[in-house]
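Chemist: Residue numbers (the working numbering): 1 to 336.
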Ligand code: KG4
Ligand code: ZN
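(1) Can you tell me the Cα-Cα spacing of residue 340 and residue 234, whole angstroms?
(2) Could you check whether residue 302 and residue 125 sit closer than 8 Å to each other, using their CB atoms as the reference points?
(3) For residue 261, does the count of other Cβ atoms within 10 angstroms reach 16, so buried, or fall short, so exposed?
(4) With 16 other CB atoms within 10 Å as the buried threshold, where does residue 108 fall?
(5) Identify whether residue 114 lies in helix, strand or coil by the three-state DSSP scheme.
(6) Residue 208: which of 324, 8, 255 and 284 sits nearest, CA to CA?
(7) Would you mind stating whether residue 22 and residue 152 have Cβ atoms separated by less than 8 Å?
(8) Would you grab the beta carbon distance between residue 115 and residue 85 for me? Rounded to a whole angstrom, and I think it's under 8 Å.
(9) Please report how far the alpha carbon of residue 19 lies from the alpha carbon of residue 60, in whole angstroms.
(10) How would you call residue 341, buried or exposed, if buried means at least 16 neighbouring beta carbons within 10 angstroms?
(11) Please check the pair residue 218 and residue 206, which I expect to be a contact at CB under 8 Å, by giving their CB distance rounded to whole angstroms.
(12) Please report the residue range of the alpha helix (DSSP H) in which residue 55 lies.
(13) Measure the C-alpha to C-alpha separation of residue 13 and residue 58 and round it to an integer number of angstroms.
(14) Between residue 129 and residue 315, which are expected to be in contact by the criterion C-beta below 8 Å, what is the C-beta distance as a whole number of angstroms?
(15) Can you tell me which of 127, 122, 76 and 247 puts its alpha carbon nearest to the alpha carbon of residue 103?
(16) Terminal residues of the continuous beta strand (DSSP E) containing residue 85?
(17) For residue 273 versus residue 173, is the C-beta spacing smaller than 8 Å?
(18) How about residue 294 and residue 267: are their beta carbons less than 8 Å apart?
(19) If I measure Cβ to Cβ from residue 332 and keep anything under 8 Å in the same chain, skipping five residues before and after, which residues do I get?
(20) I need the residues with a C-beta less than 5 Å from some heavy atom of the ligand COA; please give them in chain order.
(21) Determine the direct distance from the alpha carbon of residue 195 to that of residue 162, and round the result to whole angstroms.
(22) Identify which residue in 299, 210 and 284 has its Cα closest to the Cα of residue 342.
(23) Below 8 Å on the Cβ atoms is my contact criterion, and I expect residue 176 with residue 226 to pass it. Report the Cβ-Cβ distance as a whole number of Å.
(24) Based on the DSSP output, what are the partners of residue 35 in its beta bridges?
(25) Can you give me the Cβ contacts of residue 305 inside the same chain, cut-off strictly under 7 Å, excluding the 5 residues immediately before and after it?
(26) Below 8 Å CB to CB, which residues in the same chain sit around residue 275 once its five sequence neighbours on both sides are set aside?
(27) Could you give the first and the last residue of the continuous alpha helix (DSSP H) run that contains residue 168?
(28) Nearest by alpha-carbon distance to residue 106: which of 334, 149, 327 and 335 is it?
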């Protein structure tokens with residue numbers, strides 16, 4: 001079975017082809033991505049209207065390029081999958097509309113997929129797929145969650161952020177330091193030259209005894225520091241970046257270890273854009289190695305939004321018998 005997956009929830013247009021069967025893991029045949037980051041950078045963040053328009057421009061050429069790369073014909077596609085939500089309403093409607101139009105023209109069914117399930121299952125696209133059950137740390141620009149995952153569709157929320165997501169904490173702090181959008185990777189790069197102990201920043205909810213997160217206070221503390229520093233900010237920016245990263249990473253690390261301990265499981269999956277952070281990976285790897293816990297990440301280029309994870313999630317849900325693709329082309333989306 002050949003699945004075409006389309007991701008358009010935010011500022012990346014992703015299209016991919018995945019081959020799935022009754023048995024064995026579905027296999028990625030080809031994927032292509034267009035990032036809108038350069039376009040939104042001038043505005044310091046995603047402009048929803050521009051995002052939708054760009055998805056419209058990119059999605060069909062990307063679909064043509066994955067078909068060519070995989071040496072397949074559009075007529076061979078059995079199911080068209082798309083991101084149903086969460087995300088920007090207009091952006092989601094582009095992916096949903098195009099998926100339904102293609103499927104209707106081909107006389108094939110469509111399948112709406114949850115964006116976070118895509119991230120969660122993205123490590124199955126790599127060379128070192130995890131086995132169930134595992135603890136998942138899902139850290140993206142919009143979400144920060146710890147989950148117990150017993151199988152496809154069997155997810156139990158253990159804890160989540162009560163305000164900002166980890167990616168948001170990176171992005172908002174970076175913006176306060178005058179770094180380009182999206183700030184996460186820029187802040188991480190700058191932090192390499194800084195002292196993580198230079199500034200004392202809060203680790204909200206670190207000792208709360210549960211698995212929830214809060215990052216809004218950290219952003220406020222970074223704002224206070226930048227104001228205090230004034231003109232001296234430029235000279236201390238690397239130190240402030242390293243201190244901010246250290247605060248975010250410490251909270252993510254400690255809560256993940258706690259979730260592993262609470263669950264009694266020996267496998268951790270880290271997914272979502274912040275999962276690309278090198279410092280987070282280094283600290284998780286070291287702490288988990290000590291505890292005999294295996295850590296699985298998606299391939300670096302599949303940490304942030306992409307179509308491969310959407311096609312993969314659709315294929316795995318189909319295989320598990322959890323969802324039937326439909327011939328009703330309602331192209332519904334669920335922004336929240
Ligand atoms: O998963 P994703 O692509 O989109 C959402 O579903 O939100 O995640 C994007 C987030 C952004 O906040 C971005 O700054 C962050 O992931 N990010 C990073 C790094 N790479 C991406 N944060 C810290 N360090 C990185 N290397
Ligand atoms: Zn995402």
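Cβ atoms here follow ideal geometry from the backbone N, Cα and C, with glycine treated the same way. If you're wondering where the values come from, they're calculated on a predicted model, not measured in any experiment.
Modeler: Judging by the given coordinates:
(1) Within the shown structure, residues of the chain are numbered from 1 to 336, placing residue 340 beyond reach of any answer.
(2) yes
(3) exposed
(4) buried
(5) strand
(6) 255
(7) no
(8) 6 Å
(9) 20 Å
(10) No answer is possible for residue 341: the residues shown for the chain start at 1 and end at 336.
(11) The Cβ separation is near 11 Å, so there is no contact.
(12) 48–70
(13) 7 Å
(14) That belief does not hold up - the Cβ atoms of residue 129 and residue 315 are roughly 13 Å apart, past 8 Å.
(15) 76
(16) 79–85
(17) no
(18) yes
(19) 84, 96 and 112
(20) Absence of the ligand COA is noted for the structure shown, with the ligand KG4 and the ligand ZN being the only ligands found.
(21) 29 Å
(22) Residue 342 falls outside the range modelled here, since the chain spans only 1 to 336, and no answer is possible.
(23) 5 Å
(24) 12
(25) 7, 9, 10, 12 and 14
(26) 137, 139, 281, 297, 298 and 303
(27) 166–176
(28) 327
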